[in-house]
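Take a look at the structure below.
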Amino acid sequence: MPEQMVRVGQSGHGSADGPRDMTLDIVSYGRRGPGGQLRFGADQIAQIQRTVGRTPEVMVKVSGGGRDIGGVEAHLRYIGRHGKLPIETDEGLTPQGRGAPKEITADWQLELCRSQYKPKPAQGQKDTRAKLVHNIVLSMPAGTPPDKVLAAARVFARENFALQHRYAMVLHTDQAHPHVHLVVKCEHEYEPGRRLYIRKDTLRQWREQFAALMREQGVAANATPRQVRGQTRKPYRDAIHHRLRALRAFGQLPPSDRTGHRQPKTSTFMRAKLESVLQALQTKRGTLDAGKETMQRTRQAVVADWHAVTDALRSQGRAELAERVERFVARMPAVQTDAQRLADRWSEMERSRAPEPVDATSSGPRVR
1 MPEQMVRVGQ SGHGSADGPR DMTLDIVSYG RRGPGGQLRF GADQIAQIQR TVGRTPEVMV
61 KVSGGGRDIG GVEAHLRYIG RHGKLPIETD EGLTPQGRGA PKEITADWQL ELCRSQYKPK
121 PAQGQKDTRA KLVHNIVLSM PAGTPPDKVL AAARVFAREN FALQHRYAMV LHTDQAHPHV
181 HLVVKCEHEY EPGRRLYIRK DTLRQWREQF AALMREQGVA ANATPRQVRG QTRKPYRDAI
241 HHRLRALRAF GQLPPSDRTG HRQPKTSTFM RAKLESVLQA LQTKRGTLDA GKETMQRTRQ
301 AVVADWHAVT DALRSQGRAE LAERVERFVA RMPAVQTDAQ RLADRWSEME RSRAPEPVDA
361 TSSGPRVR
């Protein structure tokens, strides 16, 4: 049967606002029923069931990329934990030790890449040099067996890059969520004029592929846009995330143990954001809802898509699943900007710090 891409819920909803980033796209491999009624195939039904059942979501992201050999070697040293972890390559080799990064970059012949010899920009200027490698992270939630994450990552890398782009990977288990760092050479191995470009659609396809590979490993996994799940908060960039994690870890240390550790630096991004929120709270000037209108439009369009899904499910005799979809939509958290979320958290902290009011009529401490 011919494949049909159907954009659910577009008629009369959201089209006036122009295109939006992510919608609920349903791929139907079957024919339309009488009157052009949309019918979902088994794959689409399974996808809906996973989403409303809140199956754990995979994460595939690009965390950066080296623009010179020194940068590539530094990242390989980092993911190899400075020689402590083996680095698995596309040739099945596992070099380990402090010399592994140089061994890999020499084998990949990065010195022959054309962008390698472009001058490095001056401090403060944007680096426009082409990347030599892409740094990719494949991650699963806490509790996922690490060996299954690595097995799925091996297949993912082989299917996408083997015999085209050199790559290397390392499994990390030092955090709650097991993840694989994947380093991929940008230039094609046999056609130097061809390069690997990663776009939004590429990442979405990779997420769906990695989720399917995890399911082949017997691990429940899903891949849906965060807006479709009702999630409005964007994940922080790696540098901010690592800085916040270090600060949390330091704050959880007993006071007696903190003397032997250097306090991590605060995130300048988060500090500036918090200062802006506090200024808005104190002066009553400025707004905490910047961007909320756009977020509301996206939410309305997503809800309209889900309503169209429930109608199609009922027409196929799947009333129970349609009711689950309705409950899923009803439980979506309210749309909230990051600034408003920070303001609410700050207000809550201030209330917890405030001393409890003393009852003037009480002559002593209350005893229960």
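Residue numbers (our numbering): 1 to 368. Beta carbons are placed, not taken as given, at the ideal position from N, Cα and C, and that holds for glycine.
Asked                                                                                                                                                            : Found
With 16 other CB atoms within 10 Å as the buried threshold, where does THR173 fall?                                                                              : exposed
Please go through the stretch 102-183 and give each complete beta strand (DSSP E) segment of 3 or more residues, from N-terminal end onward.                     : 133-139, 167-172
Rounded to a whole number of angstroms, what is the C-alpha to C-alpha distance between LEU132 and VAL329?                                                       : 43 Å
Among the residues of its own chain, which have a CB less than 6 Å from the CB of GLU88, if the five just before and after it don't count?                       : THR94, MET169
Take GLU91 as the anchor and find which of ILE104, ILE79, HIS82, GLY99 has the nearest alpha-carbon.                                                             : ILE104
Can you say whether ALA176 is buried or exposed, counting buried as having 16 or more other CB atoms within 10 angstroms of its CB?                              : exposed
Take ARG204 as the anchor and find which of PRO225, MET295, GLU326, ASP147 has the nearest alpha-carbon.                                                         : PRO225
Count the other CB atoms, across all protein chains shown, that sit within 10 Å of the CB of ASP68; report buried if there are 16 or more and exposed otherwise. : buried
So which of VAL137, GLN44, ARG314 has the shortest CA-CA distance to LYS61?                                                                                      : VAL137
For PRO178 and PRO56, I'd like the C-alpha separation in whole angstroms.                                                                                        : 13 Å
Beta-carbon separation of LYS148 and TYR167 under 8 Å?                                                                                                           : no
Under three-state DSSP, which class holds GLY64?                                                                                                                 : strand
For LEU171, count neighbouring Cβ atoms within 10 angstroms of its own Cβ and tell me buried if that reaches 16, exposed if not.                                 : buried
So, at 8 Å on beta carbons, what are the nonlocal neighbours of GLN296 in its own chain, with the 5 sequence-adjacent residues on each side left out?            : VAL335
Going by C-alpha to C-alpha distance, which of ASP107, GLU320, GLN37 sits closest to GLU189?                                                                     : ASP107
State yes or no: is the C-beta of ALA142 within less than 8 Å of the C-beta of VAL180?                                                                           : no
Look at the alpha carbon of GLN44 and the alpha carbon of GLY124, and state the distance between them as a whole number of angstroms.                            : 48 Å
According to DSSP, is MET59 helix, strand or coil?                                                                                                               : strand
Flag this pair as yes or no: are the beta carbons of VAL52 and VAL228 separated by less than 8 Å?                                                                : no
If we ignore side chains and look at the alpha-carbon of each, how far apart do LEU112 and GLY66 end up?                                                         : 15 Å
Measure how close the beta-carbons of LEU38 and ALA312 come, nearest whole angstrom, since I'm counting them as under 8 Å.                                       : 5 Å
Once the 5 residues before and after GLY218 are set aside, which same chain residues still bring their CB inside 8 Å of it?                                      : LYS148
Which of helix, strand or coil does DSSP assign to LYS84?                                                                                                        : coil
Leaving out five residues before and five after LEU150 in sequence, what residues of the same chain have Cβ atoms less than 7 Å from its Cβ?                     : LEU171, VAL180
Which residue wins for smallest C-alpha separation from ARG114, given the options ARG194, LYS102, GLN164?                                                        : ARG194
Which residues does DSSP list as the beta-bridge partners of THR89?                                                                                              : ALA168
Determine the extent of the alpha helix (DSSP H) in which THR294 is found, giving its start and end residues.                                                    : 292-315
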